[in-house]
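Mapped onto the working numbering, the consecutive letters of the sequence shown carry residue numbers 8 to 393.
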Amino acid sequence: MTKREISIDTQLIHSGEIRPGIEGAVALPIFQSANFESVEGEGYHDIKYMRLSNSPNHTVLAAKLAVLESAEAAVVTTSGMAAITTIFHSLLSAGDHVIFQDCLYGGTYDYARREFERHGLSCDFVDAERPETWTEALRPETRMIYVESITNPLVQVADLETVVAFAREHDLISVIDNTFASPVNFRPAEIGFDLSLHSGTKFLNGHSDIVCGAVIGRAELVGRVKKMMSFLGGSLDAHACFLLHRGLKTLGVRVRQQNESALALARFLEAHPAVTRVNYPGLSSNSGHERATKLFDGFGGMMSFQLAGGEAAAKRFEEAVTIPIVAPSLGGVESLITRPAATSHAGLTREERAEVGVSDGLIRVSVGIEGTADLIADFEAALAGI
Ligand SMILES: *Cc1c(COP(=O)(O)O)cnc(C)c1O
8 MTKREISIDT QLIHSGEIRP GIEGAVALPI FQSANFESVE GEGYHDIKYM
58 RLSNSPNHTV LAAKLAVLES AEAAVVTTSG MAAITTIFHS LLSAGDHVIF
108 QDCLYGGTYD YARREFERHG LSCDFVDAER PETWTEALRP ETRMIYVESI
158 TNPLVQVADL ETVVAFAREH DLISVIDNTF ASPVNFRPAE IGFDLSLHSG
208 TKFLNGHSDI VCGAVIGRAE LVGRVKKMMS FLGGSLDAHA CFLLHRGLKT
258 LGVRVRQQNE SALALARFLE AHPAVTRVNY PGLSSNSGHE RATKLFDGFG
308 GMMSFQLAGG EAAAKRFEEA VTIPIVAPSL GGVESLITRP AATSHAGLTR
358 EERAEVGVSD GLIRVSVGIE GTADLIADFE AALAGI
């Protein structure tokens with residue numbers, strides 16, 4: 008619950024770093040070494056080995072990520088999905104039950120729906136904006152409540168404070184996927200979440216060139232996740248650690264630019280006659296606007312919108328824009344657009360998509376760090392042509 012005392016920009020550059028630098032190096036070098044020399048008197052648990060995620064590249068990142076979210080501990084993972092599935096397999100046992108927010112990242116939803124049962128786990132999905140419905144989902148064997156800070160692709164902001172209160176009241180582990188908000192806009196530990204996780208592939212690294220993830224939160228829980236990771240055998244390789252570390256240093260300037268551009272673009276789209284709906288937490292039309300205003304320092308770079316012309320118009324729009332790249336994933340320096348029905352939610356049946364509110368004509372935008380006016384002009388020209 009500790010609020011930070013120095014700005015996140017300073018923490019991004021200096022927190023967790025080894026100082027003085029090794030051999031005077033200002034940037035942390037890549038430790039391309041699977042194992043490390045034994046030190047007199049060390050035991051089995053002190054062994055440094057790349058699979059154990061304890062090389063300097065790993066430990067510096069872990070220390071920095073923990074500070075960024077005002078949390079006790081962190082560990083980097085090979086992907087966001089590795090962070091998610093390792094949390095489940097380290098903190099849940101056969102027979103346990105999880106309450107999930109209903110509009111989840113496609114991979115998480117898919118995993119819970121299709122793989123939980125084989126591991127003896129069960130789950131229910133709730134509308135995270137309606138806490139009065141959560142008690143119905145509660146069972147004696149419920150162990151965890153799992154939400155996202157901003158959902159994909161409808162960018163809803165759940166009643167996150169009540170999630171924490173509910174978890175405490177019923178002795179559940181509270182877990183939040185904080186990928187879309189990033190630590191610049193929201194630090195879940197500050198309102199009491201036990202664990203936060205990221206697809207570091209997105210905003211944390213920010214350059215669309217590696218896949219990685221992170222689990223951040225209470226030391227005891229992060230320790231269990233890290234131990235399970237060493238059993239499962241996936242640890243982020245040193246070069247990917249280096250790139251994530253490098254990307255992180257500019258997280259503050261990138262995310263603030265993305266916040267600013269996304270808000271301007273969302274306002275532009277909301278006023279455009281060809282657009283029937285814009286989902287962005289920074290708009291007062293968004294159901295989570297008040298909560299986002301209270302809890303977040305910015306509304307993020309993610310939005311989605313619906314065209315009056317439906318799926319066909321959405322496809323024409325994708326062809327007409329010139330700045331954004333039509334590609335899945337998000338959070339990079341370049342703007343990206345996708346149709347979630349064809350990408351992140353393609354693993355779901357049409358019925359399941361309809362259940363979570365993802366229509367086939369929905370366009371999701373990940374706003375990059377290009378010039379704001381250039382982006383708006385490009386969207387305006389593309390909309391005029393569809
Ligand atoms: C991309 C993403 C994931 C999965 O992350 P990977 O790094 O692709 O494994 C999980 N949650 C959210 C919100 C994401 O956007």
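In this text, a Cβ means the ideal position worked out from N, Cα and C, and glycines have one as well. Computed from a predicted model, the values in this text were never measured in an experiment.
Spell out a yes or no on whether the segment 88-107 and the segment 345-359 are touching, meaning 3 or more CB-CB pairs, one atom from each, closer than 8 Å.
no
Exposed or buried, what is residue 155 when buried is set at 16 or more other beta-carbons lying within 10 Å of its beta-carbon?
buried
Residues in the same chain with beta-carbon distance under 6 Å from residue 8, minus the five sequence neighbours each way, listed in chain order, please.
Unreliable positioning characterises residue 8 in this predicted model, as indicated by a pLDDT of 40, which lies under 50. The coordinate reading is nonetheless provided below. Once the five neighbours on either side are set aside, residue 8 has no close Cβ partner at all.
When DSSP builds the beta bridges, which residues end up paired with residue 149?
104
Quick check: what's the CA-CA separation for residue 200 versus residue 78?
10 Å
My guess is that residue 144 and residue 165 are in contact by the Cβ rule of under 8 Å, so how many angstroms apart are they, rounded?
With a Cβ gap of about 14 Å, residue 144 and residue 165 do not count as contacting.
Could you tell me which uninterrupted beta strand (DSSP E) segments, each at least 3 residues in length, are contained entirely in the segment 12-61, listed from first to last along the chain?
none
Report all residues from its chain with a CB closer than 6 Å to the CB of residue 192; omit the five preceding and five following residues, and keep chain order.
303, 304, 305 and 307
Is residue 84 helix, strand or coil by DSSP?
strand
Buried or exposed by the 16-neighbour rule on C-beta atoms within 10 Å, applied to residue 45:
exposed
Starting from residue 248, trace the alpha helix (DSSP H) both ways and give me its first and last residue.
245-255
Inter-residue Cα distance where the pair is residue 386 and residue 328:
6 Å
Is the separation between the beta-carbon of residue 23 and that of residue 70 shorter than 8 Å?
yes
State the Cα-Cα distance for the pair residue 211 and residue 265, rounded to the nearest angstrom.
13 Å
Need the endpoints of the beta strand (DSSP E) that residue 393 sits in, please.
No beta strand (DSSP E) holds residue 393; DSSP gives it neither H nor E.
Straight-line gap, residue 244 to residue 376 (C-alpha atoms, nearest Å)
28 Å
Following the continuous alpha helix (DSSP H) through residue 170, name the residue where it begins and the one where it ends.
167-176
Tell me whether residue 128 counts as near ligand 1, meaning its Cβ is closer than 7 Å to at least one heavy atom of that ligand.
no
Taking the alpha carbon of residue 82 as the reference point, which residue from 368, 169, 251 and 160 has its own alpha carbon closest?
251
Taking 8 Å as the threshold (C-beta atoms), are residue 187 and residue 157 in contact?
yes
Return the residue from the list 60, 13, 39 and 216 that minimises the CA-CA distance to residue 336.
216
Sequence-distant residues of its chain with Cβ nearer than 7 Å to residue 73 (five each side left out):
79, 80, 81 and 223
Under 7 Å Cβ to Cβ from residue 361, same chain only, skipping five residues before and after it: list those, please.
none
Any chance the CB of residue 218 is under 7 Å from a heavy atom of ligand 1?
yes
Measure the Cβ-Cβ separation of residue 237 and residue 59 and say whether it is below 8 Å.
yes
Work out the CA separation of residue 343 and residue 227 for me, nearest whole Å.
37 Å
For residue 205, list the residues DSSP reports as bridge partners.
221
Just curious, the beta strand (DSSP E) that residue 115 is in, first and last residue?
Run containing residue 115: none in the beta strand (DSSP E); it sits in the alpha helix (DSSP H), 113-121.
Would you decide whether residue 92 is buried or exposed? Buried here means 16 or more other CB atoms lie within 10 Å of its CB.
buried
Contact between the segment 145-152 and the segment 281-301: three or more CB pairs below 8 Å?
no
What does DSSP give as the partner residue(s) for residue 309 in the beta ladder?
373
Assigned secondary structure, residue 94 (DSSP; H/G/I helix, E/B strand, else coil)
helix
With residue 239 as the anchor, note down where its alpha helix (DSSP H) starts and where it stops.
226-239
Is residue 383 a contact residue of ligand 1, with contact defined as CB to any heavy atom under 7 Å?
no
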